[in-house]
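In what follows, a structure is listed as structure tokens, so that the remarks can point back to it.
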Amino acid sequence: MVILATKSILSPEDFDLWGWRVPFWVSIAMVGVSYLIRKNMDESPVFAKAKKEGTTSTNPLKESFGNRYNMKFVLLALFGATMGQGVVWYTGQFYAMSFMKTVMNVDSSQVDELLGIALLIGTPFFIIFGWLSDKIGRKYIMMFGMLIAILSYRPIYKMMYNTTDINQKTEIVENPRETTERKDNGSSIVTTEKKYTDGTTVLEKKTYMEKKDVQTSVSIKINSSDKWTLIFLVFIQVLFVTMVYGPIAAFLVEMFPTKIRYTSMSLPYHVGNGIFGGLLPAISTYFVTHAKSAEKPDYYLDGLWYPIVIAGICFVIGMIYIDNKNKTTHL
Amino acid sequence: MNAIKQVLGALWIALAAAAAYFCVFEFGLPKLLSDQQDDLVFGVIILFILTPLIVMGLGTFGYYSLIGEYNKKK
């Protein structure tokens, strides 16, 4: 949202020059807000009681990871819940964005806008699924979210790709516009604008530099109908995110004893999200690039194998090893 | 269900071993030894971050499962 607002106020040149810093400045303010919230928040009654009675841990790291009984729950939380939750989250929000920008070549500001709308519509579902998990338990909501994500990622991304596939659109042949811009460094940029009957506009930029290969970049401006189709398809993915993410905090809290709770849940949460989820854009983009160079017809779907396999393993482990309770033990 | 968990324990260990082979010999090392910058980054990520996590974590999880640590107490 901040990036979108900054881009809409500044010119592209100003955004590249200094505007990209604005989201980081805003994040400084958000850290302050987080600090104030945390400072004014009371401890949970259970932890406050443990603190009062002096039963909190003196060495939470040793108790969390040096204790075999607790370590098996740490591993179960990682492989049976957070690993799948991490890849579903990163696919729905970050890979969807990267896919639209780099594989589908949709105009960057349009991607930011439609992603912002999908997130805005989807966000209340974090609360809805969190609330529902209080009523019916955490497990089945998270597992159902993972299962439908596994089954529907390929059809969703195929539909997304087809939405802007210019090979399926009709070009207005009499209207291609070409402009040439010469730069001080001797290079020249030739921009060709092609329009299509459904309102889609394709800008193809070719940069010619001495003794270098021609660099080509394509940017597709989509029409309103395609925009709403993409918003809907991203929204569905955000819905999966809310199903796996809404109950996860409560699930992890309930899994570990009070005195080492935060230390114990921190490892599976951050490894699941930071490593398994965080590496998703790099690994999936690599798979797409590799499949493209191997000239596979559905190369753009190959990046999805990473979240599908990881979420698939997590789903099997979660279904078999985790009980649908919202109490401490999940065996 | 306890028997299934124990049998699956062997599967997780086998999966960790298979992941070790593919991550090191199919993905990691060839990329690490490649001259391409993108491949090098991918090789480092696979070899030094993802491989130890999957192999050690999933292997230990499988071992615990195999010896009945996750079995329901009667």
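The listed protein sequences derive, respectively, from chains F and W. Everything in the first sequence is counted per this note's numbering, starting at 46 for the first residue and increasing by one. Everything in the second sequence is counted per this note's numbering, starting at 1292 for the first residue and increasing by one. The C-beta atom is built at its ideal place from N, Cα and C for all residues, glycine as well.
Just so you know, the alpha carbons of serine 143 of chain F and histidine 335 of chain F end up roughly 16 Å apart. Distance between tryptophan 134 of chain F and tyrosine 307 of chain F, taken at the CA atoms: about 22 Å. Comparing alpha carbon positions, the residue from F:Asn318, F:Tyr344 and F:Asp368 closest to threonine 136 of chain F is F:Asn318. At a cut-off of 8 Å, the C-beta of glutamate 1360 of chain W has a neighbouring C-beta in chain F. Taken through DSSP and simplified to helix, strand or coil, lysine 240 of chain F comes out as strand. CA-to-CA, the gap between glycine 161 of chain F and methionine 145 of chain F works out to about 14 Å.
Isoleucine 355 of chain F is positioned such that its CB atom lies no closer than 8 Å to that of glycine 111 of chain F. For glutamate 340 of chain F, there is no enclosing beta strand (DSSP E), as DSSP gives it neither H nor E. Secondary structure note for serine 1356 of chain W: its alpha helix (DSSP H) is the uninterrupted segment 1350-1357. Between the region 150-166 of chain F and the region 263-274 of chain F there are three or more inter-stretch CB-CB distances shorter than 8 Å, so the stretches are counted as touching. Within its own chain, the residues whose Cβ lies closer than 8 Å to the Cβ of glycine 363 of chain F, once the five positions on either side in sequence are excluded, are Gly125, Ala126, Gly129, Lys184, Met187, Met188 and Met191, listed in chain order. When DSSP states are grouped into helix, strand and coil, arginine 227 of chain F belongs to the strand group. In the assembly as shown, tryptophan 1303 of chain W is a buried residue. Its beta-carbon has 16 or more other beta-carbons within 10 Å. Cβ proximity to chain W below 9 Å picks out nothing from the region 256-268 of chain F. With a 10 Å radius around the Cβ and a threshold of 16 neighbouring Cβ atoms, glycine 231 of chain F comes out exposed. Taking C-beta atoms as the reference points, leucine 120 of chain F and phenylalanine 1352 of chain W count as a pair closer than 8 Å. In the three-state scheme derived from DSSP, where H, G and I count as helix and E and B as strand, leucine 55 of chain F is classed as coil.
Residues of chain W whose Cβ lies closer than 8 Å to the Cβ of alanine 327 of chain F are, in chain order, Val1332, Phe1333 and Ile1336. For tyrosine 135 of chain F, not one C-beta of chain W is nearer than 8 Å to its own C-beta. In the three-state scheme derived from DSSP, where H, G and I count as helix and E and B as strand, glutamine 1327 of chain W is classed as coil. When C-alpha distances from threonine 242 of chain F are compared across F:Met254, F:Ile328 and F:Ile217, the shortest belongs to F:Ile217. In the structure shown, serine 102 of chain F adopts coil according to DSSP, grouped into three states. Not flagged as an interface residue toward chain F: glycine 1319 of chain W, since no C-beta distance is shorter than 8 Å.
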